[in-house]
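Asker:
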Amino acid sequence: MAVQVSIVKCSTYDENEVLKALRRSIDLIGGVDSFVKRGNRVLLKPNLLYGKSPEKAVTTHPAVVKGVIQIIQEAGGIPFIGDSPGIESAKRVTEKAGIKAVADSLGCPIVEFNRPVSPPERKGKVFKSFEIDQSVLEADVIINLPKWKTHAQMLLTLGVKNLFGCVPGTRKALWHLKGGEDAKLFAQVLVDLYQVIQPSLTILDGIVGMEGNGPGSGDPIPLGLILASRDPLCLDQIVCDLLGISRNSLMTNRVALEQGLGRNGVVAVGEKPEDVKITDFKLPNLQRLDWYLPGFVKKPFKNALSSKPVIQKEVCQLCHQCVEICPPKALKGDKKGLEFDYGKCIRCFCCQEICPEGAITIQQGWGLKLVSRKP
Ligand code: SF4
Ligand code: SF4
């Protein structure tokens, strides 16, 4: 049977309106009782990239988190929030993002993901030995709460990508290294992880999303939508439809569909996709062209056929968070400035993702610029 993805309009973060829209989005796909039973421990996994105020659209909005906590509690579930942000603690990020205040007001604890364990069942196709956080395994139900944002490496971060935060702290860097320069391989990491975690419900905060230089420094854009589904992969496919881009342009979709996942099909319920299409959404620039080239061609043309991170010196505050997070240690910094080793750089764009000042932008190589040129 085709998997349902509900689409509900919501143009404001007014708490009552958000709660109403959340209820409708869940009712359209079976109702909360089909996901949560009385006494269930329910993990809520928002996007907590780093601590910014809600209007920056970096994190899942507190009104969405609050509404979901209320719905879970009414159903008799026991919610808790967990994530492994890039640099700061989950507590710090939730404080800055306005989530801690709403969680505290409803008695919902916030858990740091710092207890890596190997799940007993290994379902991934290629990567079978993930370490995820113990709290993820201890939850009876996982509710995934992504934010609709662009992503320099993966094009968009939506339902499937948001689950990467279930990998605790520094172990995320290891997976970036395993994916290396191959975006398709990194997409496989994400798809394998999705199969391991299997959230029961995914609710996408698309009331205000982020376009352009996402996922940390793009521009907020009102989209006016909440989407919900049992399957984040299907939800991601519907987002592509709404944006008018091919489902395969999102590498996680392509990898998953190639290996036969999501074969039962997807059906939108609630608003008709054609009635709520998003036009003029700024995607990140094309990042690379060398995915399928053999190594001996790829290497000499690496800089021409891929994009690279560059620093805007006048914006950089020399906090060195980018240096700390860089998986292959391709970025060095001192009190005077930063220096990239582009030979070592695997183009994961973790540095751009984590920079709290938006000081790292993505520059296309000349080969990419040529093909991206508008006729
Ligand atoms: S580029 Fe950003 S993260 Fe890196 S040192 Fe400068 S301000 Fe910090
Ligand atoms: S310099 Fe930036 S893009 Fe390059 S490997 Fe390091 S974190 Fe990734």
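Going from the sequence shown to this note's numbering is simple: count from 1 and add 10. The beta-carbon is built from N, C-alpha and C at its ideal position, and this holds for glycine as well. Here the structure is a predicted model, which is why all the values come from computation and not from measurement.
1) Which residues have a Cβ closer than 5 angstroms to any heavy atom of ligand 2, listed in chain order?
2) Does the distance from the CB of Pro126 to the CB of Arg48 come in under 9 angstroms?
3) Compare the beta carbon distance of Ile82 and Gly189 with 9 angstroms and say whether it is the shorter of the two.
4) Answer yes or no: the CB of Gly432 versus the heavy atoms of ligand 1, is any distance below 8 angstroms?
5) Within the continuous beta strand (DSSP E) that includes Gly397, where are the two ends?
6) For Ser128 and Leu53, what's the separation of their Cα atoms in angstroms?
7) With a 10 Å radius around its C-beta and 16 neighbouring C-beta atoms as the bar for buried, classify Pro319 as buried or exposed.
8) For ligand 1, is there a heavy atom less than 8 angstroms away from the beta-carbon of Pro366?
9) Is Cys20 near ligand 1, judged by its Cβ being under 8 angstroms from some heavy atom?
10) For Thr104, report the span of its beta strand (DSSP E) as first-last.
11) Quick one: does the C-beta of Ile321 sit closer than 8 angstroms to a heavy atom of ligand 1?
12) Could you check if Lys66 is buried or exposed, using at least 16 other CB atoms within 10 Å of its CB as the buried criterion?
13) Kindly examine ligand 1 and report whether one of its heavy atoms sits closer than 8 angstroms to the Cβ of His161.
14) Taking buried to mean at least 16 other C-beta atoms within 10 Å of its own C-beta, is Tyr60 buried or exposed?
15) With distance defined between alpha-carbon atoms, name the residue in Val206, Thr289 and Ala162 nearest to Gly228.
16) Is there contact between the segment 108-126 and the segment 197-210, where contact requires at least three CB pairs shorter than 8 angstroms?
17) Using CA atoms only, rank isn't needed, just tell me which of Gly92, His71 and Ala340 is closest to Arg51.
18) Please give me, in chain order, every unbroken run of the alpha helix (DSSP H) with length at least 4 that falls completely inside the segment 104-147.
19) Distance check for Val68 and Ser16, CA to CA, integer angstroms please.
20) Would you say the beta carbon of Val249 comes nearer than 8 angstroms to a heavy atom of ligand 1?
21) How long is the line joining the alpha carbons of Phe350 and Ile97, rounded to whole angstroms?
22) So what does Pro230 bridge to, in DSSP terms?
23) With a threshold of 6 angstroms on Cβ separation, who are the neighbours of Val249 within its own chain once the five nearest residues in sequence on each side are excluded?
24) Just how far apart, CA to CA, sit Leu155 and Lys171?
25) Check whether the Cβ atoms of Glu367 and Cys326 lie closer than 9 angstroms to each other.
26) Does the beta-carbon of Ser139 have 16 or more other beta-carbons within 10 angstroms, so that it is buried, or is it exposed?
27) Going by DSSP in three states, Lys182 sits in which element: helix, strand or coil?
28) Look at Leu187 and Pro209 and say whether their C-beta atoms are less than 9 angstroms apart.
29) When you compare each of Ile255, Lys157 and Asn57 to Gly175 by their alpha carbons, which one comes out closest?
30) Whose CA, out of Cys336, Val46, Ala31 and Ala107, lies closest to the CA of Val151?
31) Does the distance from the CB of Asp246 to the CB of His71 come in under 9 angstroms?
32) Is it the case that the Cβ atoms of Leu203 and Gly134 are separated by a distance below 9 angstroms?
33) Helix, strand or coil, according to DSSP, for Gln14 in the structure here?
34) Leaving out five residues on either side along the sequence, give the residues of the same chain with a beta carbon under 7 angstroms from the beta carbon of Pro385.
35) Short of 8 angstroms in beta carbon distance, which residues of its chain neighbour Val13, apart from the five on each side in sequence? Order them along the chain.
36) Ligand 1 heavy atoms versus the CB of Ala183: any closer than 8 angstroms?
Answerer: So, from the data block:
1) Pro319, Cys336, Ala340, Leu341, Cys355, Ile356, Cys358, Phe359, Cys360 and Cys361
2) The count along the sequence shown starts at 1 and reaches residue 126 at position 116. The count along the sequence shown starts at 1 and reaches residue 48 at position 38. No; because the gap between Cβ atoms is not below 9 angstroms, this pair is not in contact.
3) The count along the sequence shown starts at 1 and reaches residue 82 at position 72. The count along the sequence shown starts at 1 and reaches residue 189 at position 179. Result no, Cβ atoms of Ile82 and Gly189 do not sit closer than 9 angstroms.
4) Since the first residue shown for the chain is 11 and the last is 385, residue 432 is missing from the structure and cannot be characterised.
5) Shown here, the chain extends from 11 to 385; a query on residue 397 therefore has no answer.
6) Taking the first residue of the sequence shown as position 1, residue 128 is located at position 118. Taking the first residue of the sequence shown as position 1, residue 53 is located at position 43. So the two alpha carbons sit approximately 18 angstroms from each other.
7) Mapped onto the sequence shown, residue 319 falls at position 309. By the 10 Å Cβ count, Pro319 comes out buried.
8) Residue 366 sits at position 356 when you count from the first residue of the sequence shown. Pro366: yes, Cβ under 8 angstroms from ligand 1.
9) The sequence position of residue 20 within the sequence shown is 10, counting from 1. Not under cutoff, so the answer is no.
10) In the sequence shown, counting from the first residue as 1, residue 104 sits at position 94. Note, Thr104: premise wrong, no beta strand (DSSP E); alpha helix (DSSP H) at Ala100 to Lys106.
11) In the sequence shown, counting from the first residue as 1, residue 321 sits at position 311. It does: the Cβ of Ile321 is within 8 angstroms (strictly closer) of some heavy atom of ligand 1.
12) Here the question's residue 66 lines up with position 56 in the sequence shown. So Lys66 ends up on the buried side.
13) Translated into positions along the sequence shown, residue 161 becomes position 151. No, the Cβ of His161 stays beyond 8 angstroms of every heavy atom of ligand 1.
14) The count along the sequence shown starts at 1 and reaches residue 60 at position 50. Tyr60 is buried by the Cβ-count criterion.
15) The residue labelled residue 228 in the question sits at position 218 within the sequence shown. It is Ala162 whose Cα lies nearest to the Cα of Gly228.
16) No: the two stretches stay apart, fewer than three of their Cβ pairs being nearer than 8 angstroms.
17) Reading the sequence shown from its first residue, position 41 is the one you call residue 51. Taking only the C-alpha atoms, the option nearest Arg51 is Gly92.
18) List check, alpha helix (DSSP H) in window: 109-115.
19) Position 6 of the sequence shown, counted from the start, is the residue given in the question as residue 16. Position 58 of the sequence shown, counted from the start, is the residue given in the question as residue 68. Cα to Cα, Ser16 sits roughly 23 angstroms from Val68.
20) Along the sequence shown, one-based indexing puts residue 249 at 239. Val249 Cβ: outside cutoff for every heavy atom of ligand 1.
21) As a first step, residue 350 must be located in the sequence shown, where it is residue number 340. As a first step, residue 97 must be located in the sequence shown, where it is residue number 87. Straight-line Cα distance between these residues: approximately 20 angstroms.
22) Numbered from 1 along the sequence shown, position 220 holds the residue referred to as residue 230. Its beta-bridge partners are Met220.
23) Position 239 of the sequence shown, counted from the first residue, corresponds to residue 249. The residues are Leu168.
24) Your numbering for residue 155 matches position 145 in the sequence shown. Your numbering for residue 171 matches position 161 in the sequence shown. Approximately 11 angstroms between the Cα atoms of the pair.
25) Numbered from 1 along the sequence shown, position 357 holds the residue referred to as residue 367. Numbered from 1 along the sequence shown, position 316 holds the residue referred to as residue 326. Yes.
26) The count along the sequence shown starts at 1 and reaches residue 139 at position 129. By the Cβ-count criterion, Ser139 is exposed, with fewer than 16 other Cβ atoms from all chains shown falling within 10 Å of its own Cβ.
27) As a first step, residue 182 must be located in the sequence shown, where it is residue number 172. Reduced to three states, the DSSP call for Lys182 is helix.
28) As a first step, residue 187 must be located in the sequence shown, where it is residue number 177. As a first step, residue 209 must be located in the sequence shown, where it is residue number 199. No, they are not a contact pair.
29) Counted from its first residue, the sequence shown places residue 175 at position 165. The residue with the shortest Cα to Cα distance from Gly175 is Asn57.
30) By 1-based counting over the sequence shown, the position of residue 151 is 141. Checking every option, the nearest Cα to that of Val151 belongs to Val46.
31) One-based indexing of the sequence shown puts residue 246 at position 236. One-based indexing of the sequence shown puts residue 71 at position 61. No, the pair does not count as a contact, with Cβ atoms beyond the cut-off.
32) For the purposes of this step, residue 203 is taken as residue 193 along the sequence shown, with counting starting at 1. For the purposes of this step, residue 134 is taken as residue 124 along the sequence shown, with counting starting at 1. Yes, these two residues count as a Cβ contact at 9 angstroms.
33) Working through the sequence shown from its first residue, we reach residue 14 at position 4. Residue state, collapsed to three classes: strand.
34) As a first step, residue 385 is located in the sequence shown; it is residue number 375 there, counting from the start. Caution is warranted here: a pLDDT of 48 is assigned to Pro385, below 50, making its placement in the model unreliable, and no coordinate value can be reported.
35) Your numbering for residue 13 matches position 3 in the sequence shown. So the list reads Ser239, Arg240, Asp241, Cys244, Gly272, Asn274, Gly275, Val276 and Val277, once near-sequence residues are dropped.
36) Taking the sequence shown and counting its residues from 1, one reaches residue 183 at position 173. Not so, every heavy atom of ligand 1 lies at least 8 angstroms from the Cβ.
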